[in-house]
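K.L.:
Quick note, the sequences are listed as chains U and E, same order.
Quick note on the working numbering: the first sequence kicks off at 14 and runs consecutively.
Quick note on the working numbering: the second sequence kicks off at 159 and runs consecutively.
All C-beta atoms in this analysis are idealised placements derived from N, C-alpha and C, irrespective of residue type, glycine included.
I have a structure I would like to understand better, so I am pasting it below and will then ask my questions one at a time.
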Amino acid sequence: AQSVSQHNHHVILSEAASLELGCNYSYGGTVNLFWYVQYPGQHLQLLLKYFSGDPLVKGIKGFEAEFIKSKFSFNLRKPSVQWSDTAEYFCAVTNNAGNMLTFGGGTRLMVKP
Amino acid sequence: KAGVTQTPRYLIKTRGQQVTLSCSPISGHRSVSWYQQTPGQGLQFLFEYFSETQRNKGNFPGRFSGRQFSNSRSEMNVSTLELGDSALYLCASSLYGTVGTDTQYFGPGTRLTVL
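As structure tokens, this is what we get:
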């Protein structure tokens, strides 16, 4: 069975600081990787996804993530956060056996203006 | 194009009752998945339907069931409600139902409270 770990449960940053949120997964086969974001009062939205090819993936709103297969990691990064990035971020995986997303526990990000 | 819609948005039930939640996917989407979100367990997969057939099922008891209609709309049913069923139930739809790589688009959820 696959599992996903997000080690940072809460992160507080000031505007313009750089962001890196950790995501590690456990699965021996091919995985597909996603980052979703949930802004306060809104529903889950896709930030970016990785299926194959270039391991550095760019998403919406200036976010990017790097897939490092040897480390089973898919960390999310943003060079300069804004107050509007305050949200909960979820890493998720599927494998080629099904569309069921396995989510990490989420990271709550608060950006102070 | 309208997003995924879920009805009702809020529900309050008592233990032992049953409940039916509804999900209308994005027009043209054929795959519908359901997830349960709780503070303690996070987001957990319930089941996925594609072309009216259950394709995958998560690790939930048989009290949780679902179905999909020919227009891709889906319903989820929980019978004999327990306090622990209080959660936000999320529906997600995807276009092709391609195994593994489809992007899932989430609805706003139905907040179920069991008293």
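For M123(U), count the other beta carbons within 10 Å of its own beta carbon; 16 or more makes it buried, fewer makes it exposed. Which is it?
P.N.:
So M123(U) ends up on the exposed side.
K.L.:
Can you grab the Cα-Cα spacing for the pair N217(E) / L204(E), in whole Å?
P.N.:
Each residue's alpha carbon lies about 7 Å from the other.
K.L.:
Here's the rule: buried if 16 or more other CB atoms are within 10 angstroms of the residue's CB, otherwise exposed. What is H20(U)?
P.N.:
Burial call: exposed.
K.L.:
Following the continuous beta strand (DSSP E) through K74(U), name the residue where it begins and the one where it ends.
P.N.:
Taken as a continuous stretch (DSSP letters only), K74(U) belongs to no beta strand (DSSP E), as it is neither H nor E.
K.L.:
Determine, using beta carbons only, whether L270(E) comes closer than 8 Å to chain U.
P.N.:
Not closer than 8 Å to any Cβ of chain U, the Cβ of L270(E) fails to qualify, so no.
K.L.:
Counting along the chain, where does the beta strand (DSSP E) carrying F64(U) start and finish?
P.N.:
Where F64(U) is concerned, there is no enclosing beta strand (DSSP E), given that its DSSP letter is neither H nor E.
K.L.:
Indicate whether at least one CB of chain E lies closer than 8 Å to the CB of L57(U).
P.N.:
So yes, L57(U) belongs to the interface.
K.L.:
Within 8 Å (strictly less), CB to CB, does K74(U) reach chain E?
P.N.:
Chain E, which has no Cβ nearer than 8 Å to the Cβ of K74(U), makes this no.
K.L.:
Put S97(U) into one of helix, strand or coil per three-state DSSP.
P.N.:
DSSP places S97(U) in helix when its eight states are reduced to three.
K.L.:
Between R221(E), S228(E), A245(E), F227(E), which lies nearest to V236(E) when the distance is taken from Cα to Cα?
P.N.:
Of the listed residues, the one whose Cα sits closest to V236(E) is R221(E).
K.L.:
Measure the alpha-carbon distance for Q55(U) versus S86(U) and round it to whole angstroms.
P.N.:
Cα-Cα distance, rounded: 27 Å.
K.L.:
By the DSSP assignment, the beta strand (DSSP E) with Y40(U) in it spans what residues?
P.N.:
Element bounds for Y40(U): n/a, residue is neither H nor E.
K.L.:
Which word fits H23(U), buried or exposed, when buried means at least 16 other C-beta atoms lie within 10 angstroms of its C-beta?
P.N.:
H23(U) is exposed by the Cβ-count criterion.
K.L.:
To the nearest whole angstrom, what separates the beta carbons of A100(U) and V44(U), a pair I think is in contact under 8 Å?
P.N.:
Not really, about 24 Å apart at Cβ, beyond 8 Å.
K.L.:
Got a sec: is the Cβ-Cβ distance from N37(U) to anything in chain E below 8 Å?
P.N.:
Output row for N37(U): interface = no.
K.L.:
Are any of the Cβ atoms in chain E nearer than 8 Å to that of L114(U)?
P.N.:
At least one chain E Cβ lies under 8 Å of L114(U).
K.L.:
Thinking C-alpha only, which one of H187(E), Q194(E), Y193(E) is nearest F208(E)?
P.N.:
F208(E) has its Cα closest to that of H187(E), out of H187(E), Q194(E), Y193(E).
K.L.:
Please list the residues of the segment 181-203 of chain E that have a C-beta atom closer than 7 Å to any C-beta atom in chain U, keeping them in chain order.
P.N.:
Going along the segment 181-203 of chain E in chain order, one finds S189, S191, G200, L201, F203 with a Cβ nearer than 7 Å to chain U.
K.L.:
Is the beta carbon of L114(U) sitting closer than 8 Å to the one on Y102(U)?
P.N.:
No, these two residues do not count as a Cβ contact at 8 Å.
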